[in-house]
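K.L.:
Have a look at this one before I ask anything.
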Amino acid sequence: NAGVTQTPKFRVLKTGQSMTLLCAQDMNHEYMYWYRQDPGMGLRLIHYSVGEGTTAKGEVPDGYNVSRLKKQNFLLGLESAAPSQTSVYFCASSGQGYSPLHFGNGTRLTVT
Amino acid sequence: DAKTTQPTSMDCAEGRAANLPCNHSTISGNEYVYWYRQIHSQGPQYIIHGLKNNETNEMASLIITEDRKSSTLILPHATLRDTAVYYCIVPNTGNQFYFGTGTSLTVIP
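As they're listed, the protein sequences go chains A and B. Each residue of the first sequence is one higher than the last, beginning at 7 in my numbering. Each residue of the second sequence is one higher than the last, beginning at 31 in my numbering.
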């Protein structure tokens with residue numbers, strides 16, 4: 007039981023490049039989330055999903071797209087990376103009702 | 031937006047109880063209060079959550095006031111490994127968890 011797994015752990019992109027971050031959970035959770043955390047700041051919600059095939063915007067969705075084609079996976083895409091997207095990205099999942107969030111270990115992304 | 035307010039930072043002596051306050055004055059009747067902590071740059075770790083009754087688990091105790099407008103997370107015997115940022119969260123409708131800036135707790139030897 008791996009919990010929430012994020013790949014890759016580290017990535018460096020040049021401005022304008024694209025990439026996809028993968029989040030996988032093996033807990034059969036309905037809800038999944040993508041957050042970003044800038045140095046010295048709290049986590050900010052980018053997008054989330056309340057079930058397979060659904061996505062919704064959070065606090066800071068601009069510049070990102072997401073997809074939830076399979077219940078266990080939640081993908082975060084950057085179509086044209088910008089230096090302002092340099093951050094640590096965390097994925098989380100939770101079950102229905104009042105279940106708490108379970109977090110992955112994060113992806114550290116640097117855009118030069 | 032986060033629906034809670036917390037002090038920016040706190041210190042606690044090792045071995046003493048750490049009491050971390052949180053205000054959530056706009057909380058509604060069926061909304062839970064959740065506590066997480068983040069050690070250095072790791073993913074946040076779930077601690078405890080509650081609705082209106084006090085809760086206790088192996089990590090901490092959660093005391094919620096009778097009017098539910100505030101709560102206190104208690105770490106009964108703080109250790110150096112409890113140094114972290116602690117987040118108090120009341121999820122929005124649709125299970126949206128918005129993290130504020132939390133309280134940076136430093137446990138002092």
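Glycine included, C-beta positions come from ideal geometry on N, C-alpha and C.
(1) Have a look at the DSSP bridge pairing and note the partners of B/N53.
(2) Using a C-beta to C-beta distance shorter than 8 Å, which residues of chain B count as neighbours of A/N111?
(3) What first and last residue would you give for the beta strand (DSSP E) that runs through A/T113?
(4) Pull up the DSSP beta-bridge partners for A/K63, would you.
(5) From A/F96 to B/E44, what does the alpha carbon distance come to, in whole angstroms?
(6) So, is the C-beta of B/L105 closer than 9 Å to a C-beta in chain A?
(7) Closer than 9 Å, Cβ to Cβ, to anything on chain B: give me those residues from the segment 78 to 95 of chain A, in chain order.
(8) Please look up how many angstroms separate the CB atoms of A/L82 and A/L27, rounded, as I've assumed it's under 8 Å.
(9) Which chain A residues sit within Cβ distance under 9 Å of B/Y116?
(10) Could you tell me the distance, in whole angstroms, from the CA atom of B/Q72 to the CA atom of A/N111?
(11) Does any residue of chain A bring its CB to less than 9 Å from the CB of B/L81?
(12) So, with DSSP's three-state summary, where would you put B/D112?
(13) Helix, strand or coil, according to DSSP, for A/Q91 in the structure here?
(14) At the level of alpha carbons, what is the spacing between B/F129 and B/P74?
(15) Give the DSSP bridge partners of A/L75, in chain order.
(16) Would the beta-carbon of B/A108 fall within 9 Å of that of B/H70?
(17) Spell out whether any CB of chain A is found under 9 Å from the CB atom of B/T34.
(18) Going along the chain, which residues of the segment 48 to 76 of chain A sit with their C-beta nearer than 9 Å to a C-beta in chain B?
(19) So, A/A126 versus B/G124, is the Cβ gap smaller than 9 Å?
(20) Quick one: Cα of B/T86 to Cα of B/S58, how far?
(21) From which residue to which residue does the beta strand (DSSP E) around A/G103 run?
(22) Please report the residue range of the beta strand (DSSP E) in which A/V18 lies.
(23) Who are the near neighbours of B/M89 in its chain, counting only those whose CB is closer than 6 Å to its CB and skipping five residues on each side?
P.N.:
Well, looking at it:
(1) In the DSSP output, where bridge partners are listed per residue, B/N53 has B/T35, B/S100.
(2) Q72, G73
(3) That run of the beta strand (DSSP E) goes 113 to 117.
(4) A/H53
(5) 30 Å
(6) No, its Cβ sits nowhere closer than 9 Å to a Cβ of chain A.
(7) V94
(8) 4 Å
(9) Residues of chain A passing the Cβ test: none, with the nearest at roughly 11 Å.
(10) So the two alpha carbons sit approximately 6 Å from each other.
(11) yes
(12) In the structure shown, B/D112 adopts helical secondary structure according to DSSP, grouped into three states.
(13) helix
(14) If you take the alpha carbons of B/F129 and B/P74, they lie about 10 Å apart.
(15) DSSP output for A/L75 lists no bridge partner at all.
(16) no
(17) no
(18) Identification of residues in the segment 48 to 76 of chain A having a C-beta nearer than 9 Å to some C-beta of chain B yields G48, L49, R50, L51, Y54, V56, A62, G64, E65, given in sequence order.
(19) As displayed, chain A neither begins before 7 nor continues past 118, which places residue 126 of chain A out of reach and without an answer.
(20) 22 Å
(21) Per DSSP, A/G103 belongs to no beta strand (DSSP E) and is neither H nor E.
(22) 16 to 19
(23) I77
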